[in-house]
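Read the structure below first, then the notes.
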Amino acid sequence: MAITNDKEILEELLRHPISSVPRFGEFANGKSDECSFLSRASCERVLQEGSLHWDQESFVAAGFPAMIYDELKYIAHDEEGHVVYLEAGLTATGATPVAACECSFPMSTPKEFISLASVIEGVRVSAYLGAAPLITDKAYLTAAGAILVTEALHQSATRGAVGEIPIANVFSTPISINATYSIASAFITSCPSTNMPLPVATYPALTLASGSPTAPSAMIDLEPKTMPSLLCYVFPEMASGQGYVFLTSDNSGNLTDSSILAGPAILEVTPSSPTFDLTTTK
1156 MAITNDKEIL EELLRHPISS VPRFGEFANG KSDECSFLSR ASCERVLQEG
1206 SLHWDQESFV AAGFPAMIYD ELKYIAHDEE GHVVYLEAGL TATGATPVAA
1256 CECSFPMSTP KEFISLASVI EGVRVSAYLG AAPLITDKAY LTAAGAILVT
1306 EALHQSATRG AVGEIPIANV FSTPISINAT YSIASAFITS CPSTNMPLPV
1356 ATYPALTLAS GSPTAPSAMI DLEPKTMPSL LCYVFPEMAS GQGYVFLTSD
1406 NSGNLTDSSI LAGPAILEVT PSSPTFDLTT TK
């Protein structure tokens, strides 16, 4: 199935590891076909679950500064506000918000929780960025941009909390809606039967066997679910921060659904020391 309009683009973004934005009434205009894209995030509750499961003392005992607990609560507050706002806007235009799916998150300690939250926030940023070229309505694009900025702030806060460089790359990495759902589906255990079928596809799984983080130009080991052997590759030198690995049948660098064989695997690449030349700004 193909995603064909702004509404479906936004809805799929918000059904998975993502959430929401400003002044809904100005860009909804009663266009329920375009608005149904703006639905609730299915796996965003990782922030709420973690904030409720552990108290501030637990995070301090795990080696985090006391302020991280308040920061996590602000992030959870933002995500919840996104969902409440979007659901109210959808209802006002006559659309039916999509019900949240049940998700299972692999976390048993405060450190695992923040590490997972950091990865999910990174996926949200990449998903919104990847959807931007598909959004033709300028008001929707502005709304998605407003969400993207907030999600990037969340990503930086959680990356810094786990000892990673908050701004590890000059540019963020966009991924498609199919790639986003391929990642989200690993956490989803069930969805309400009343939800409409998803106009997305999942790629065969790809597992990083060599561990993360890694360094630029390092060798990485990949285990594709649909192929019998372990594959080894040299990661690109320019890679930095959170990135995504795909196996494709096309070496041109263009990712298309027809060329992707497996993925994405999520990989953290330790950035090289920053350099800059002040003469370029003169």
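Residue numbers for the sequence shown follow this note's numbering, beginning at 1156 and rising by one. We put the CB at the ideal spot given by N, CA and C, even for glycine. Here the structure is a predicted model, which is why all the values come from computation and not from measurement.
For residue i, count the other beta carbons within 10 Å of its own beta carbon; 16 or more makes it buried, fewer makes it exposed. Which is it?
{"i": "Ala-1364", "result": "exposed"}
{"i": "Asn-1184", "result": "Model confidence at Asn-1184 stands at a pLDDT of 38, short of 50, so the residue's coordinates are unreliable and nothing is read from them."}
{"i": "Ser-1191", "result": "With a pLDDT of 35 at Ser-1191, under the threshold of 50, the modelled position of that residue is not reliable, and the figure given next carries that caveat. Its Cβ being crowded by 16 or more others within 10 Å, Ser-1191 is buried."}
{"i": "Leu-1193", "result": "Residue confidence for Leu-1193 is low, a pLDDT of 38 falling below 50, so the modelled location carries little weight and cannot support an answer."}
{"i": "Ser-1311", "result": "buried"}
{"i": "Val-1355", "result": "buried"}
{"i": "Pro-1347", "result": "exposed"}
{"i": "Ser-1331", "result": "buried"}
{"i": "Leu-1433", "result": "exposed"}
{"i": "Gly-1318", "result": "exposed"}
{"i": "Pro-1288", "result": "exposed"}
{"i": "Glu-1234", "result": "buried"}
{"i": "Ala-1286", "result": "buried"}
Which stretch, first to last residue, makes up the alpha helix (DSSP H) that contains residue i?
{"i": "Leu-1308", "result": "1293-1316"}
{"i": "Leu-1284", "result": "1265-1286"}
{"i": "Ser-1337", "result": "1332-1339"}
{"i": "Ala-1216", "result": "1211-1216"}
Could you tell me which residues DSSP puts in a beta bridge with residue i?
{"i": "Val-1424", "result": "Thr-1369 and Gly-1396"}
{"i": "Thr-1381", "result": "The partner list for Thr-1381 (beta bridge, DSSP) is empty, contrary to what the question assumes."}
{"i": "Ile-1415", "result": "Thr-1403"}
{"i": "Thr-1362", "result": "Glu-1378"}
{"i": "Cys-1256", "result": "Answer is none; Cys-1256 lacks a bridge partner."}
Comparing alpha-carbon positions, which option in the options lies nearest residue i?
{"i": "Ile-1343", "options": "Phe-1260, Ser-1404, Lys-1228 and Pro-1429", "result": "Phe-1260"}
{"i": "Pro-1359", "options": "Thr-1369, Pro-1368, Pro-1371 and Ala-1334", "result": "Ala-1334"}
{"i": "Pro-1138", "options": "Ala-1417, Asn-1406 and Val-1215", "result": "Past the edges of the chain, shown from 1156 to 1437, lies residue 1138, and the structure says nothing about it."}
{"i": "Leu-1402", "options": "Met-1351, Glu-1235, Ser-1414 and Tyr-1295", "result": "Ser-1414"}
{"i": "Ala-1339", "options": "Val-1238, Ala-1420 and Asp-1225", "result": "Ala-1420"}
{"i": "Glu-1257", "options": "Ala-1216, Thr-1381 and Ser-1345", "result": "Ser-1345"}
{"i": "His-1237", "options": "Asp-1405, Ser-1337, Pro-1391 and Ala-1299", "result": "Ala-1299"}
{"i": "Glu-1306", "options": "His-1208, Asn-1406, Leu-1271 and Arg-1279", "result": "Arg-1279"}
{"i": "Pro-1352", "options": "Ile-1223, Ala-1231, Tyr-1229 and Ala-1254", "result": "Ala-1254"}
{"i": "Leu-1271", "options": "Gln-1211, Thr-1357 and His-1309", "result": "His-1309"}
What is the C-beta distance between residue i and residue j, in whole angstroms, given that I count them as a contact (C-beta under 8 Å)?
{"i": "Thr-1328", "j": "Tyr-1399", "result": "6 Å"}
{"i": "Glu-1423", "j": "Pro-1368", "result": "4 Å"}
{"i": "Ser-1395", "j": "Asn-1324", "result": "5 Å"}
{"i": "Thr-1362", "j": "Leu-1386", "result": "Not quite, the Cβ-Cβ distance comes to about 11 Å (not below 8 Å), so this is no contact."}
{"i": "Ile-1269", "j": "Pro-1426", "result": "Not a contact, Cβ separation roughly 19 Å."}
Any heavy atom of the ligand SAH closer than 7 Å to the CB of residue i?
{"i": "Tyr-1399", "result": "By its list of ligands, the structure shown contains no ligand whatsoever, and the ligand SAH lies outside what it can speak to."}
Quick check on the DSSP output: the beta strand (DSSP E) that includes residue i runs from which residue to which?
{"i": "Ser-1345", "result": "1343-1345"}
{"i": "Thr-1251", "result": "It is not in any beta strand (DSSP E) - Thr-1251 carries neither H nor E in the DSSP assignment."}
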